[in-house]
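First residue of the sequence shown? That's 631 in the numbering used here, and the numbers climb one at a time after it.
For reference, the structure is listed below as structure tokens.
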Amino acid sequence: MSGTAGGPRVLVIEDDADINEVVCAHLARRGYDATAARSGTEARAILKDMGTGEARFDAIVTDLMLPGVPGEALVAQLRAAGEGVPIIVISARAEVDDRVALLAMGADDYLVKPFDLNELTARIEAQLRARGYGRRGVADGDTTGAAGHDAGGDGNGRHVLTAGRWTIDEDAHTFAVDGEPVALTNLEFAIVALLAEHPNTVFTKQQLYELCWGEAWAGDDNTVTAHISKVRAKLKPTGTDGYVATVWGIGVRLKA
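Pasting the structure below:
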């Protein structure tokens, strides 16, 4: 996938198709020229084909657990070859030792999954600024965070969220699709409101539990899974059950 011509060129190396697509699409909306690679082997081939000169990448975003060549090996190989391109690692491995090891190996930044796409973009931009990149062609900030999402008031000081066909009034604790009310329990409402408030974020089941239930995670996936299923079941008649999208191996996100 390629984004805006003339913008900073970013190689996104991620084997999860959903995450790769979401990241590349977001970067394209922000004016970047994003190229997707689904494995370390594919990424290495792309980098080799790019060669030297103006066509080279301005930044690289890479996962660690990749088919073929692991992300760690890619980072090490690039630095051993004297490549100074900024490298931002995105990984579910949250241990401090992992982060320290990758930074020592030559990565410039490390972002733990799940992450917010606006934060990833800000980190890329920080690396480009540090290298004197002029942000040619980069669009101004994506103020909505995702297509069709808006957070604000209704003119009467109420906190109302809209996401696609959803409307969520957090003060009145009401949820509607195309203006038609949908009855949700308190926990179901908390889940849809959280997803709508953070449209760029993939939430793990642990995060959903801690944020919506307000309790410490005990490692029981079934409770969260059951509530997500109930939300989708109630949304199915409206045709918006797909808004609660699964990102396999990580969690769920809003896909409005």
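Don't be surprised by glycine CBs; every beta carbon is placed ideally from N, CA and C.
For clarity, every value in this text was computed on a predicted model and none was experimentally measured.
Residue nearest to residue i in terms of C-alpha spacing, selected from the options
i: N816; options: A706, A802, Y873, E702; result: A802
i: G637; options: K885, T853, P829, Y763; result: Y763
i: S859; options: R753, A848, Y873; result: Y873
i: M695; options: L677, D746, I643, R761; result: I643
i: W796; options: T876, E755, A886; result: A886
i: D728; options: V691, E810, E702; result: E702
i: V812; options: H789, G869, D746; result: G869
i: F833; options: Y740, D746, D648; result: D746
i: H857; options: T876, I821, A731, G881; result: I821
i: A752; options: I880, I718, G849, P744; result: I718
i: D808; options: T792, R674, E755, L814; result: T792
i: V877; options: E755, K743, A731; result: K743
Bounding residues of the beta strand (DSSP E) (the contiguous stretch that carries residue i)
i: R723; result: Careful: R723 lies outside any beta strand (DSSP E) and carries neither H nor E.
i: I880; result: Premise fails: I880 is in no beta strand (DSSP E) and is neither H nor E.
i: A666; result: 663-667
i: L791; result: 789-793
Own chain partners of residue i with C-beta closer than 7 Å, once the 5 adjacent residues on each side are dropped
i: T634; result: Because T634 carries a pLDDT of 48, less than 50, the predicted location of this residue cannot be relied on, and no value is offered for it.
i: D851; result: K835
i: R723; result: L694
i: D593; result: For residue 593 there is no data in the structure shown, the boundaries of the chain being 631 and 886.
Contact under 8 Å by Cβ, residue i with residue j
i: L825; j: R862; result: no
i: N748; j: N830; result: yes
i: L732; j: Y740; result: yes
i: K866; j: L814; result: no
i: L641; j: I676; result: yes
i: C654; j: A666; result: yes
Boundaries (first-last residue) of the alpha helix (DSSP H) holding residue i
i: T648; result: This sequence places Asp at residue 648; Thr is not what is there. Taken as a continuous stretch (DSSP letters only), the alpha helix (DSSP H) holding D648 covers 647-659.
i: V705; result: 701-710
i: A822; result: Checking the displayed sequence, the identity of residue 822 turns out to be Val instead of Ala. Start and end: 816-827.
i: R862; result: 851-865
i: T692; result: That residue, T692, is in no alpha helix (DSSP H); its beta strand (DSSP E) goes 689-692.
i: L641; result: Unbroken run through L641 is the beta strand (DSSP E), 639-643; no alpha helix (DSSP H).
Residues near residue i in its chain [Cβ-Cβ closer than 8 Å; skip 5 each side]
i: E845; result: Y839
i: G714; result: R761
i: T855; result: K835
i: I894; result: Not covered by the structure: residue 894. The range shown for the chain is 631 to 886.
i: E818; result: H857, K860, V861, K864
Cutoff 6 Å; reference residue i; Cβ partners in own chain excluding five residues on either side
i: P716; result: A689, D738, Q757
i: W847; result: Q836, Y839, E840
i: N671; result: Rather than Asn, the amino acid found at residue 671 in this sequence is Thr. These residues qualify, in order along the chain: G698, V699.
i: R639; result: D663, F687, D688
i: H656; result: L747
Chain D contact for residue i (CB, 8 Å cutoff)
i: T751; result: Of the chains in the structure shown, none is chain D; there is only one protein chain.
The ligand SAH heavy atom lying under 7 Å from the CB of residue i
i: A664; result: Annotation note on the ligand SAH: not contained in the displayed structure, which lists no ligands.
Hey, is the region 719-736 in contact with the region 696-709, meaning 3+ C-beta pairs nearer than 8 Å? yes
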